[in-house]
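Colleague: Residue numbers (the numbering used here): 1074 to 1452.
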Amino acid sequence: MLFEIELSAMSNPDILGFSNDIETQSKSPDGVNDNTKPNERTTLDCTQFRRDYDILKSFHFLVPVNPPVTTSKTYATMNITNHVIELTIYNESFVPLNVYCLKNLNMLTILNTDFYQYGLDDQTIRPIPSEIGQLSLLHTLTIINCPVGRLPDEIGQLLLLTELTITGSNLKEIPNVIENLSLLQVLRLSNNQLILLPSNISRLSSLEILWLDSNRFTSLPSAMSSLTGLNTLYIQSNPLTSIDELNNLYGLQHLYATSCKIKYLPNNIVSLITLNMAYNNLIDLFGIGSLGRSSGWKNFDFSYNEIDLIPPEIYNIISNMQSFSVKHNNLTHLPNEIYYLQNLNTVSLNIGENLFSLDELNTIKATIVNRLRNVRVTY
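1. Excluding sequence positions up to five away, which residues of its chain have a Cβ less than 6 angstroms from the Cβ of E1433?
2. Checking the sheet assignment: what are the DSSP bridge partners for W1284?
3. Between S1332, G1362, L1355 and A1351, which has its C-alpha nearest L1345's C-alpha?
4. In the structure shown, what three-state DSSP assignment does Y1189 receive?
5. Taking only the alpha-carbon atoms, compute the straight-line gap between P1339 and L1358 and give it to the nearest angstrom.
6. Helix, strand or coil for N1443 per DSSP?
7. Assign N1435 to one of three DSSP states: helix, strand, or coil.
8. Give the single residue among L1244, L1280 and T1347 whose Cα lies nearest to the Cα of Q1258.
9. Measuring only the C-alpha atoms, how far is G1365 from N1393?
10. Along the chain, where does the beta strand (DSSP E) containing D1374 start, and where does it finish?
11. Hey, how far is the Cα of L1431 from the Cα of I1437?
12. In angstroms with no decimal places, state the Cα-to-Cα distance between E1096 and P1220.
13. Just verifying my parser: in three-state terms, what is the DSSP assignment at A1296?
14. Could you name the residues of the same chain whose beta carbon sits closer than 8 angstroms to that of L1233, not counting the 5 residues immediately before and after it, in chain order?
15. Hey, could you find the ends of the alpha helix (DSSP H) Y1126 is sitting in?
16. Determine whether the beta carbon atoms of N1273 and N1249 lie at a separation below 8 angstroms.
17. Which residue from G1360, L1428 and V1343 puts its Cα closest to that of G1324?
18. Do L1293 and I1316 have their C-beta atoms within less than 8 angstroms of each other?
19. Per DSSP, which residues does A1149 bridge with? Please list them.
20. Let me check understanding here. Comparing Cα to Cα, which of I1158, I1282, F1122 and R1124 lies closest to N1139?
21. Can you say whether C1119 is buried or exposed, counting buried as having 16 or more other CB atoms within 10 angstroms of its CB?
22. To the nearest angstrom, report how far apart M1180 and Y1163 are at their CA atoms.
23. I'd like to check one pair, N1353 with C1333: are the Cβ atoms closer than 8 angstroms?
24. Return yes when the Cβ of N1155 is within less than 8 angstroms of the Cβ of I1128, no when it is not.
25. T1186 to G1241, Cα distance in whole Å?
26. If you check the beta carbons only, do P1057 and I1387 fall under 8 angstroms apart?
27. To the nearest angstrom, report how far apart L1254 and P1271 are at their CA atoms.
28. Put V1450 into one of helix, strand or coil per three-state DSSP.
29. What separation, rounded to the nearest whole angstrom, lies between the Cα atoms of Y1452 and L1328?
30. Going by C-alpha distance, which of I1383, T1116, L1184 and R1124 is nearest K1146?
31. Distance check for L1135 and D1125, CA to CA, integer angstroms please.
32. With a CB to CB cut of under 7 angstroms and the five nearest residues on each side skipped, what residues in its chain are close to L1224?
33. Quick test of your reading: L1313 and T1291, contact by CB under 8 angstroms. State the CB separation rounded to the nearest angstrom.
34. Which first and last residues belong to the beta strand (DSSP E) in which I1342 is found?
Rendered as structure tokens:
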């Protein structure tokens, strides 16, 4: 899902739902003080509201209901029974605590907005308020560019979640209660500060799409191979040196692993259709014959690595290759098996910027003219 963000702001000086006499203090699991300032919060009291619309009116910003245009703005969607089922908070100063009184919400989206009214002097980034657990009907929770240090355990109470997005938010850890989200199909955690995933992520039996790109992962949990329903995985732009944890992940069809430090290919991912491992430290392509053995066109990109050998096992998959790139590597020759590419106009082969001698390159060109006449080749 792509989000087009366009700066806009709406404000109203009336701030309701916050007390003047309560200060809370807690500690995060790592022992760091998790303080709030005086005047910031009070215990959530939803009994004061008769209708969902009254909750919206308590916010310190205007919330249009069912507007005809919803791009880049705060708004709510109300159904014919007058319940608010969708809420987007866009580019506001902070999230009102009364949001968590909207018990009929199916979808909550928060963009460019702090979860608390006041920041801390030491710039500590606090968790999402635990009251999030009261939104038990949520199917989709989206948080983008909002400071979030960690998730509360109450996130595990959102048993109906099918899509969870927390991106660009400085997230540092995922709680073990993530395993409770058995209906989760899409999990986006891009552009955060994550180092580890809990091993029980393997219990997300419904998970189909997982975004882990642009974090700080140096390894993946071994339990990844148990995510049998996983179809698409994004792990690019992490300091990963190996992705052997993905070995035998038979159902995976799309793997994006560019701009890491990976040295060797994974093995036995038989359903792969798309594999992008450009800008890594690959030294050869041993194991490629076990990737994408199932039928169907494949698109593999190994550009900008250190590959000096394409092994003969590529014969196992080459006939179904739609595009294959080994641009900017250390190849000095091509194996005979590469010439078993299907002789179709849709096939492309990029072997440019390698270490072929002039004689070898002329031989390659002559062989391609004779055997791959209609393949689009980039030298």
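Cβ coordinates follow ideal geometry from the N, Cα and C atoms, glycine included. All values derive from a computational prediction rather than experimental measurement.
Modeller: Per the coordinate set shown:
1. Counted from its first residue, the sequence shown places residue 1433 at position 360. Cβ neighbours of E1433 beyond the five flanking positions: H1406.
2. Along the sequence shown, one-based indexing puts residue 1284 at 211. R1261 and Y1307.
3. By one-based count along the sequence shown, residue 1345 stands at place 272. Looking at the Cα atoms, G1362 is the closest of the given residues.
4. Sequence index remark: in the sequence shown, residue 1189 carries index 116 (1-based). If DSSP states are grouped into helix, strand and coil, Y1189 belongs with coil.
5. In the sequence shown, counting from the first residue as 1, residue 1339 sits at position 266. In the sequence shown, counting from the first residue as 1, residue 1358 sits at position 285. Computed Cα separation, rounded: 10 angstroms.
6. The sequence position of residue 1443 within the sequence shown is 370, counting from 1. Three-state DSSP puts N1443 in a helix.
7. Here residue 1435 refers to the residue found at position 362 of the sequence shown. N1435 falls in the helix class under three-state DSSP.
8. Taking the first residue of the sequence shown as 1, we reach residue 1258 at position 185. Per the Cα distances, L1280.
9. On the sequence shown, position 292 is the one that residue 1365 refers to. On the sequence shown, position 320 is the one that residue 1393 refers to. If I take the Cα positions, the gap works out to 9 angstroms.
10. Mapped onto the sequence shown, residue 1374 falls at position 301. Taken as a continuous stretch (DSSP letters only), the beta strand (DSSP E) holding D1374 covers K1371 to D1374.
11. Within the sequence shown, numbered from 1, the residue matching residue 1431 stands at position 358. Within the sequence shown, numbered from 1, the residue matching residue 1437 stands at position 364. Taking the straight line joining both Cα atoms gives about 10 angstroms.
12. On the sequence shown, residue 1096 is found 23 positions in, with the first residue counted as 1. On the sequence shown, residue 1220 is found 147 positions in, with the first residue counted as 1. The predicted model places E1096 with a pLDDT of 34, which falls under 50 and marks its position as unreliable; any figure quoted below should be read in that light. Using only the alpha carbons, I get a separation of about 21 angstroms.
13. Here residue 1296 refers to the residue found at position 223 of the sequence shown. Helix.
14. For the purposes of this step, residue 1233 is identified with residue 160 of the sequence shown, where counting begins at 1. The answer, listed in chain order, is S1209, L1210, L1211, H1212 and L1256.
15. Position 53 of the sequence shown, counted from the start, is the residue given in the question as residue 1126. D1125 to K1130 is the extent of the alpha helix (DSSP H) around Y1126.
16. Here residue 1273 corresponds to residue number 200 of the sequence shown, with the count starting at 1. Here residue 1249 corresponds to residue number 176 of the sequence shown, with the count starting at 1. Yes, they are a contact pair.
17. The count along the sequence shown starts at 1 and reaches residue 1324 at position 251. Measuring from the Cα of G1324, the nearest candidate turns out to be V1343.
18. Here residue 1293 refers to the residue found at position 220 of the sequence shown. Here residue 1316 refers to the residue found at position 243 of the sequence shown. Cβ atoms of L1293 and I1316: closer than 8 angstroms.
19. The residue labelled residue 1149 in the question sits at position 76 within the sequence shown. Paired residues: V1138 and L1160.
20. Reading the sequence shown from its first residue, position 66 is the one you call residue 1139. Comparing Cα-Cα distances from N1139 to each of I1158, I1282, F1122 and R1124, the minimum goes to I1158.
21. Looking up residue 1119 in the sequence shown gives position 46. Exposed, by the Cβ-count rule.
22. For this step, residue 1180 is matched to residue 107 along the sequence shown. For this step, residue 1163 is matched to residue 90 along the sequence shown. Their Cα atoms are separated by approximately 14 angstroms.
23. Residue numbering aside, residue 1333 sits at position 260 when the sequence shown is read from its first letter. Residue numbering aside, residue 1353 sits at position 280 when the sequence shown is read from its first letter. Against a cut-off of 8 angstroms, the Cβ pair of N1353 and C1333 comes out as a contact.
24. On the sequence shown, position 55 is the one that residue 1128 refers to. On the sequence shown, position 82 is the one that residue 1155 refers to. Cβ atoms of I1128 and N1155: not closer than 8 angstroms.
25. To locate residue 1186, count along the sequence shown from 1; it is residue 113. To locate residue 1241, count along the sequence shown from 1; it is residue 168. Each residue's alpha carbon lies about 12 angstroms from the other.
26. Nothing about residue 1057 can be read from this structure; the chain reaches only from 1074 to 1452.
27. For the purposes of this step, residue 1254 is identified with residue 181 of the sequence shown, where counting begins at 1. For the purposes of this step, residue 1271 is identified with residue 198 of the sequence shown, where counting begins at 1. Looking at the two C-alpha atoms, the distance is approximately 13 angstroms.
28. Counting from one through the sequence shown, the residue named residue 1450 turns up at place 377. Correct three-state label for V1450: strand.
29. Here residue 1452 refers to the residue found at position 379 when the sequence shown is read from its first residue. Here residue 1328 refers to the residue found at position 255 when the sequence shown is read from its first residue. Going by the C-alpha atoms only, they are around 26 angstroms apart.
30. If you number the sequence shown from 1, residue 1146 lands on position 73. For the residues I1383, T1116, L1184 and R1124, the minimum Cα distance to K1146 belongs to L1184.
31. Locating residue 1125 in the sequence shown gives position 52, counting from the first residue. Locating residue 1135 in the sequence shown gives position 62, counting from the first residue. Between D1125 and L1135, the C-alpha separation is close to 14 angstroms.
32. By 1-based counting over the sequence shown, the position of residue 1224 is 151. Only P1200, I1201, I1247 and P1248 meet the Cβ criterion.
33. Within the sequence shown, residue 1313 is the residue found at index 240, counting from 1. Within the sequence shown, residue 1291 is the residue found at index 218, counting from 1. 6 angstroms between Cβ atoms; contact.
34. Taking the sequence shown and counting its residues from 1, one reaches residue 1342 at position 269. No beta strand (DSSP E) holds I1342; DSSP gives it neither H nor E.
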